[in-house]
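Novice: Numbering (this note's numbering), first residue to last: 1104 to 1429. Sending over a structure as structure tokens; questions will come in a sec.
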Ligand code: G4F
């Protein structure tokens, strides 16, 4: 057991909540950066942290303000910093490129700079993304695959990746990039396709809705379980040397397959409920993402355990349970 201190940005999100639970289980003192509005509306904004809220130390700060980041790093003096916060919804990044780039790039830069100045021994994790590969030249993608991002979100993640690597190389910071492929769970936000599907299935089953409207059904993603992916983040910061790692299952499935399986799990035929809406298609799509996590398996000993079909079923079951229909 450790008595280390960790600081998490994005602690209120899916990954932040699982990572907090994991770190508490390892004996860490866990701090989180949250927006002031979250502290003022805990019922809603801190809902994923409900079970562990009393064991966390939350600090109001904004990734848009260097002064507030500086204050938190100075106060907390973390041993490990997990930078998960971002505008992370790819679709939204097409509507507002400027705020996506500003928040995601400056937020990462502010944090790296504050860590370098005030806590240079702190180990730093940056949440990179498979969206950095975008229109990838090769399948599957690994740490050597060139980036070709297709959205301002993807571009902001490439910038964050480069900043993190540069702080490692230029200033000797122990800084790692995780290149995580899509990871889901019952805690996923409702705007992402997997949760939109599973909550939609539950609503149809409960008689609260009659159809599910989606965009591109043929896009393929490598979907894993978020609870396992946060263990990969932690493992990256426990190595003798900092490095960058792909975390993925190595299996990909289309959105259509996800839909089919989710409906079939509750005995429904998806073709009776599914509609498509051209408005939900993206101006530039990433058609096929499939990760090669062999480096993480070899060096970190990380491997995924939850199978695609089990992930879909768990998400549908949880959404049905929330509506009181199972
Ligand atoms: O669930 P999505 O919105 O996730 P996306 O764009 O792959 O990004 C997620 O994973 C990344 C890791 O690779 C993260 F970096 C990122 O922050 C985020 O967590 O969309 C998945 C696919 C896309 O191809 C999209 O076009 O589903 C397709 N899709 C089809 N209909 C839809 C819909 N996506 C959404 N959100 N809503 C739809 O109605």
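Using N, Cα and C, we set each Cβ at its ideal position, and we do this for glycine too.
Excluding the 5 residues preceding and the 5 following residue 1158 in the sequence, name in chain order all residues of the same chain whose CB lies nearer than 8 Å to its CB.
Specialist: Locating residue 1158 in the chain shown gives position 55, where the first residue counts as 1. Here the set comprises 1127 and 1133.
Novice: If distances are taken between C-alpha atoms only, which option among 1346, 1312 and 1240 comes closest to residue 1276?
Specialist: Numbered from its first residue, the chain shown carries residue 1276 at position 173. Of the listed residues, the one whose Cα sits closest to residue 1276 is 1346.
Novice: Comparing the CB of residue 1139 with every heavy atom of the ligand G4F, is any distance shorter than 6 Å?
Specialist: Position 36 of the chain shown, counted from the first residue, corresponds to residue 1139. No; taking the cut-off as 6 Å, the Cβ of residue 1139 has no heavy atom of the ligand G4F nearer than that.
Novice: Would you say the beta carbon of residue 1385 comes nearer than 6 Å to a heavy atom of the ligand G4F?
Specialist: For the purposes of this step, residue 1385 is taken as the residue at position 282 of the chain shown. Checking every heavy atom of the ligand G4F against the Cβ of residue 1385, one is found closer than 6 Å.
Novice: Can you list, in chain order, the residues of its chain with a C-beta nearer than 7 Å to that of residue 1255? Leave out the 5 residues immediately preceding and following it.
Specialist: Sequence index remark: in the chain shown, residue 1255 carries index 152 (1-based). Hits under 7 Å: 1196, 1200, 1203 and 1204.
Novice: Going by the DSSP bridge assignment, what does residue 1135 pair with across the sheet?
Specialist: The sequence position of residue 1135 within the chain shown is 32, counting from 1. Its beta-bridge partners are 1111 and 1161.
Novice: Does at least one heavy atom of the ligand G4F sit under 6 Å from the Cβ of residue 1331?
Specialist: Taking the chain shown and counting its residues from 1, the one referred to as residue 1331 is at position 228. Checking the Cβ of residue 1331 against the ligand G4F gives no.
Novice: Expressed to the nearest angstrom, what Euclidean distance is found between the alpha-carbon atoms of residue 1336 and residue 1408?
Specialist: Start at 1 with the first residue of the chain shown, and residue 1336 comes out as number 233. Start at 1 with the first residue of the chain shown, and residue 1408 comes out as number 305. When rounded, the distance between both Cα atoms is 16 Å.
Novice: May I ask whether a heavy atom of the ligand G4F can be found less than 6 Å away from the beta carbon of residue 1322?
Specialist: Locating residue 1322 in the chain shown gives position 219, where the first residue counts as 1. Flag set: Cβ of residue 1322 near the ligand G4F.
Novice: Excluding sequence positions up to five away, which residues of its chain have a Cβ less than 6 Å from the Cβ of residue 1173?
Specialist: Residue numbering aside, residue 1173 sits at position 70 when the chain shown is read from its first letter. So the qualifying residues of the chain are 1217.
Novice: Just mark residue 1190 as buried or exposed, buried being the case when its beta carbon has 16 or more other beta carbons within 10 Å.
Specialist: As a working mapping, residue 1190 is identified with position 87 in the chain shown. Under this definition residue 1190 is a buried residue.
Novice: Kindly indicate which three-state DSSP category residue 1228 falls into: helix, strand or coil?
Specialist: Walking along the chain shown from the start, residue 1228 turns up at place 125. Note: residue 1228 maps to strand in three-state DSSP.
Novice: Could you give the residue range of the beta strand (DSSP E) that holds residue 1349?
Specialist: Looking up residue 1349 in the chain shown gives position 246. Here the beta strand (DSSP E) through residue 1349 covers 1347–1350.
Novice: With respect to the alpha helix (DSSP H) encompassing residue 1247, which residues constitute its N-terminal and C-terminal limits?
Specialist: Here residue 1247 refers to the residue found at position 144 when the chain shown is read from its first residue. Unbroken run through residue 1247: none, as it is neither H nor E.
Novice: Among all the DSSP beta bridges, which residues are the ones paired with residue 1287?
Specialist: Numbered from its first residue, the chain shown carries residue 1287 at position 184. The partner list for residue 1287 (beta bridge, DSSP) reads 1328.
Novice: Tell me whether residue 1269, by its Cβ, gets closer than 6 Å to a heavy atom of the ligand G4F.
Specialist: Here residue 1269 refers to the residue found at position 166 when the chain shown is read from its first residue. Result no, Cβ not under 6 Å from the ligand G4F.
Novice: For residue 1306, which residues from the same chain have a beta carbon less than 6 Å from its beta carbon, with the 5 sequence-adjacent residues on both sides left out?
Specialist: Position 203 of the chain shown holds residue 1306. Within the same chain, residue 1306 has close Cβ partners 1312.
Novice: Please state whether the Cβ-Cβ distance between residue 1414 and residue 1328 is less than 7 Å.
Specialist: For the purposes of this step, residue 1414 is taken as residue 311 along the chain shown, with counting starting at 1. For the purposes of this step, residue 1328 is taken as residue 225 along the chain shown, with counting starting at 1. Yes, Cβ-Cβ distance for residue 1414 and residue 1328 is below 7 Å.
Novice: With distances taken Cα to Cα, identify the nearest neighbour of residue 1353 among 1370, 1291, 1295 and 1410.
Specialist: Here residue 1353 refers to the residue found at position 250 when the chain shown is read from its first residue. Answer by Cα proximity: 1410.
Novice: Within 8 Å, do at least three Cβ pairs link the region 1112–1125 to the region 1133–1153?
Specialist: Output reads yes: the region 1112–1125 touches the region 1133–1153.
Novice: Restricting to Cα atoms, I'd like to know which of 1304, 1390, 1279 and 1349 is closest to residue 1428.
Specialist: Residue 1428 sits at position 325 when you count from the first residue of the chain shown. Closest option to residue 1428, Cα to Cα, is 1304.
Novice: Tell me residue 1282's beta-bridge partners as DSSP assigns them.
Specialist: Stepping through the chain shown from its first residue, residue 1282 is reached at position 179. Residue 1282 is bridged to 1231 and 1349.
Novice: Compare the C-alpha of residue 1309 against each of 1372, 1348, 1170 and 1426 and name the closest.
Specialist: Looking up residue 1309 in the chain shown gives position 206. Considering only alpha carbons, the answer is 1426.
Novice: Does the Cβ of residue 1207 lie closer than 6 Å to at least one heavy atom of the ligand G4F?
Specialist: Position 104 of the chain shown, counting from 1, holds the residue named residue 1207. Not so, every heavy atom of the ligand G4F lies at least 6 Å from the Cβ.
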